[in-house]
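Asker: Below is one structure. I have some questions about it.
Number of protein chains: 2
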Amino acid sequence: MHKISLAHGSGGIETASLLQSVIFDNVPGWLKKVGTGLGIDFPDDSAAIPVPGGYMTVSIDAYTVNPIFFPGGDLGKLAAAGTINDILMGGGKPIAALDAIVVQEGVEVEVLKEVVDSMIGVFKEEGVALIGGDLKVMPSKHLDGIVVTTAGLGFAEKPISDKNITPGDKIIVTGPVGEHGAAILASQQNTPSHEFKSDVAPLTKLMIPIINEFVDHIHAARDPTRGGVAMCLNDWAKNSATTIVCNESDIPIREPVSNLCEMMGIDPLNLASEGVAMLAVAPDVAEQVLELIHRHGYRDARIIGEARKSTSTLDLVVLKTLIGGYRILEPPSGELVPRIC
Amino acid sequence: MHKISLAHGSGGIETASLLQSVIFDNVPGWLKKVGTGLGIDFPDDSAAIPVPGGYMTVSIDAYTVNPIFFPGGDLGKLAAAGTINDILMGGGKPIAALDAIVVQEGVEVEVLKEVVDSMIGVFKEEGVALIGGDLKVMPSKHLDGIVVTTAGLGFAEKPISDKNITPGDKIIVTGPVGEHGAAILASQQNTPSHEFKSDVAPLTKLMIPIINEFVDHIHAARDPTRGGVAMCLNDWAKNSATTIVCNESDIPIREPVSNLCEMMGIDPLNLASEGVAMLAVAPDVAEQVLELIHRHGYRDARIIGEARKSTSTLDLVVLKTLIGGYRILEPPSGELVPRIC
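Structural data, given as structure tokens:
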């Protein structure tokens, strides 16, 4: 019989196909969203429920990262920042969050407290209210460590949905990719890790100005977490029936990250970021948006490519390689890094 | 050093005190709720965020029940019904839900599908949209089974908060208590279990008419899950600074449940229900509310007691016992049944 494998959790094609068969195919269309809102008819970072004057946007994510404390952050910071970023990528301004903690019997209370303090610290800095939660304990033979699930709530006058990319749109990446994935990978492999530090951070101070000034021109927004840049671009191409063409040399990747990936036989474009946004932007404002991003301190932001009309029934992602050829960037597949987020 | 124990997860005083020290004490007042809404300043089944015309209500719960399939239901049904009930107990009409599934590597896809189908089945029947979710896989050495966290969203013109009980209010229980807890306990103990069946069920068809007709007179509502009737009444007494006096003989408990509890040395008033509501109702409408409840098929519903003015600084729950004496009903403490919900 068919069993769940780690690949089903890696955020690549196995995850997508499992969700399709187990969930999406079994929920009737009228139950996939609320009214004119956004839901699992086009799965995205956050959903949207119409309310007078706009939309309440909402997200949920379970964080299982191992180790709980990693260079650059910890489980609590990851949960808070990830939830805030999911709301932002849907065009929402983060308002509130709820947390459900499942903790193993025997964990030091101080360890739990450190994780929770870190989560609350991010919410405090960002002005996001913590309005509810749950806590369960599992016997140590049933769970190892701590799992934190957070739900986020925001308000969007106009939600950003990833299905609106049109040919000509420019693809922007706001910083070096794969940093979180590399940090977790290095931690799990016990590779000396002063080179690697997760980029986990809320993107509020960057995204709110972009939303305020350019929301009508942002045709897609996503933080490339599990599945990385590769999954994000492939989802976008598929959802919008375009071909996305990027210059490999324009995608910012730090050398230690690409070296680690080469050593491990992993494509850095499959690795998770936790403090990077990808945007698909109408071409006439792309330079202005990029300038705004640079002005906010994201110096490594680049336009990495553009959407083009699909010339076949295949909605592909094509990379122009460093040596001038072309390669197809497939969505990630197989087991990458377990418990990366 | 102080470690997490199973008692911290049993929904009794250890849970309350852990949440107080780890979470509530560390979130500043202005971040405990949104505007005039409800949040963790008075922790309740659901929180509320003001929107034009009323409140968006929201809840989160992690479901870790073991076994996944139990007499009367399964993990999926429990997650869906529990979330719907949390929204209802806050005075909201359930609209939408999101799910975050964490599953162990090696679980049969068919088992996951059965759990999810069961969850979706409840949402379908109740007209609750499933608008988002997440799925993670953990290696089998880190997790045993499946954990489902669900967030619920509803709309309330007027949320029900549990802090409004006033002396004279009648306490209503809508059905026999402890049924879910007894079913899980019997399953975990391998006690022949045809006697025991979880009562897990959404309470929408009962609660919507109550909310529509009597919301101004409902001063508290809760489904007595973890911690049971005992925790619910003690929280209510504490939050409203009243003494709650109940007749033990009026609290509906089926004989097999009380027998099992006697055998195991457990107070049935500490055991979880998953298809029962407890209400604190203004005395002048209590009989009408009870009548409505009976009319909807909840034949075992009873008025079990009332709130009284506290005559001391102790806000206690007092039971008039079967033999005519009085005993204090303490909030549950210690390890009861692990992974009950």
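Chains X and W supply the protein sequences, listed in that same order. Note that numbering that gives the first Met the number 0 numbers the first sequence so that position 311 is 310, with each residue one more than the last. Note that numbering that gives the first Met the number 0 numbers the second sequence so that position 28 is 27, with each residue one more than the last. Where is the CB? At the ideal position from N, CA and C, for every residue including glycine.
Examine chain W for any beta-carbon lying closer than 8 Å to the beta-carbon of F195/X, and answer yes or no.
Answerer: no
Asker: Beta-carbon of N246/W versus every beta-carbon of chain X: anything under 8 Å?
Answerer: Chain X contact via Cβ: absent.
Asker: Roughly how many whole angstroms lie between the Cα atoms of I22/W and V244/X?
Answerer: 47 Å
Asker: Which runs of the alpha helix (DSSP H) at least 4 residues long sit entirely within the stretch 181-249 of chain W? Give them in chain order.
Answerer: You should have 203-213 and 227-239.
Asker: How do the stretch 20-37 of chain W and the stretch 107-122 of chain X stand: do at least 3 beta-carbon pairs fall below 8 Å, yes or no?
Answerer: yes
Asker: Could you tell me the distance, in whole angstroms, from the CA atom of G89/X to the CA atom of D222/X?
Answerer: 10 Å
Asker: Could you name the residues of chain X that L335/W contacts, counting a contact when the two beta carbons are closer than 7 Å?
Answerer: For the C-beta of L335/W, not a single chain X residue is nearer than 7 Å; the gap to the nearest is close to 11 Å.
Asker: Are any of the Cβ atoms in chain X nearer than 8 Å to that of H1/W?
Answerer: yes
Asker: Any idea if P337/W is buried or exposed, counting beta-carbon neighbours within 10 angstroms, 16 or more meaning buried?
Answerer: buried
Asker: If you draw a straight line from the alpha carbon of I164/X to that of P27/X, how long is it in whole angstroms?
Answerer: 26 Å
Asker: What is the DSSP secondary structure of L134/X, counted as helix, strand or coil?
Answerer: strand
Asker: Apart from the five residues on each side of it in sequence, which residues of its chain come closer than 6 Å, Cβ to Cβ, to L129/W?
Answerer: Correct list, in chain order: A96 and F122.
Asker: Inspect the beta-carbon positions of T203/X and E125/X and report whether they are closer than 8 Å.
Answerer: yes
Asker: Can you give, in chain order, each stretch of the beta strand (DSSP E) that sits fully within the stretch 278-313 of chain X and has at least 3 residues?
Answerer: 301-308
Asker: So I250/X and V176/X are in contact, right, with Cβ under 8 Å, and what is the actual spacing, rounded?
Answerer: 7 Å
Asker: Tell me which same chain residues have a C-beta within less than 8 Å of the C-beta of V284/W, skipping the five on either side of it?
Answerer: For V284/W, where only same-chain residues beyond five positions count, the Cβ hits under 8 Å are F213 and H216.
Asker: With a CB to CB cut of under 7 Å and the five nearest residues on each side skipped, what residues in its chain are close to A300/X?
Answerer: I171, V172, T173, G174, L289, I292 and H293
Asker: Strictly below 8 Å CB to CB, what residues from chain X border S58/W?
Answerer: L97 and G131
Asker: Taking only beta carbons into account, state which residues of the stretch 103-121 of chain W come closer than 8 Å to chain X, listed in chain order.
Answerer: Q103, E104, G105, V106, E107, V108, E109, L111, K112, V115, D116 and I119
Asker: For the beta strand (DSSP E) that contains K2/W, what are its first and last residues?
Answerer: Here K2/W belongs to no beta strand (DSSP E), and DSSP marks it neither H nor E.
Asker: Using 8 Å for Cβ pairs, my map puts N340/X next to A271/X. What's the rounded Cβ distance?
Answerer: For clarity, residue 340/X is Cys in the given sequence; the question names Asn instead. With a Cβ gap of about 6 Å, C340/X and A271/X count as contacting.
Asker: Quick one: is Y62/W buried, meaning 16 or more other Cβ sit within 10 Å of its Cβ, or exposed?
Answerer: buried
Asker: Look up V316/W in the DSSP assignment and say whether it is helix, strand or coil.
Answerer: Note: V316/W maps to strand in three-state DSSP.
Asker: With a threshold of 16 other CB atoms inside 10 Å of the CB of I235/X, please say whether the residue is buried or exposed.
Answerer: The amino acid occupying residue 235/X in the given sequence is Trp; Ile does not appear at that position. Per the 10 Å Cβ criterion, buried.
Asker: Just curious, the alpha helix (DSSP H) that G153/W is in, first and last residue?
Answerer: Looking at the DSSP string, G153/W is not in any alpha helix (DSSP H); the run it does join, the beta strand (DSSP E), is I145 to A155.
Asker: Helix, strand or coil for V26/X per DSSP?
Answerer: coil
Asker: Please list, in chain order, all residues of the same chain as P166/W whose beta carbon is under 7 Å from its beta carbon, the five residues on each side excluded.
Answerer: Counting only Cβ-Cβ distances below 7 Å, and skipping sequence neighbours, we find T241, A306, R307 and K308.
Asker: Please name the residue or residues paired with Q103/X in a DSSP beta bridge.
Answerer: Beta-bridge pairing by DSSP links Q103/X to M137/X.
Asker: In the DSSP assignment, what are the bridge partners of S58/W?
Answerer: G151/W
Asker: If you reduce the DSSP assignment to three classes, tell me which class P70/X lands in.
Answerer: coil
Asker: Give the range of the alpha helix (DSSP H) segment to which A15/W is assigned.
Answerer: I12 to V21
Asker: Relative to the alpha-carbon of C260/X, which residue among I183/X, E104/X and S239/X has its alpha-carbon at the smallest distance?
Answerer: I183/X
Asker: H7/W versus chain X: which residues are under 7 Å apart at the beta carbon?
Answerer: V136
Asker: Can you tell me the Cβ-Cβ gap for L328/X and L205/X, rounded? I've got them flagged as a contact below 8 Å.
Answerer: Contact flag wrong, Cβ pair sits at about 25 Å.
Asker: Can you have a look at E341/X and say buried or exposed, based on whether 16 or more other CB atoms are within 10 angstroms of its CB?
Answerer: The shown model of chain X, from 0 to 340, leaves out residue 341/X, and the question about it has no answer.
Asker: Of the residues that make up the stretch 140-156 of chain X, which ones have a beta carbon closer than 8 Å to any beta carbon in chain W?
Answerer: K140, H141, L142, D143, G144, V146, T148, A150 and L152
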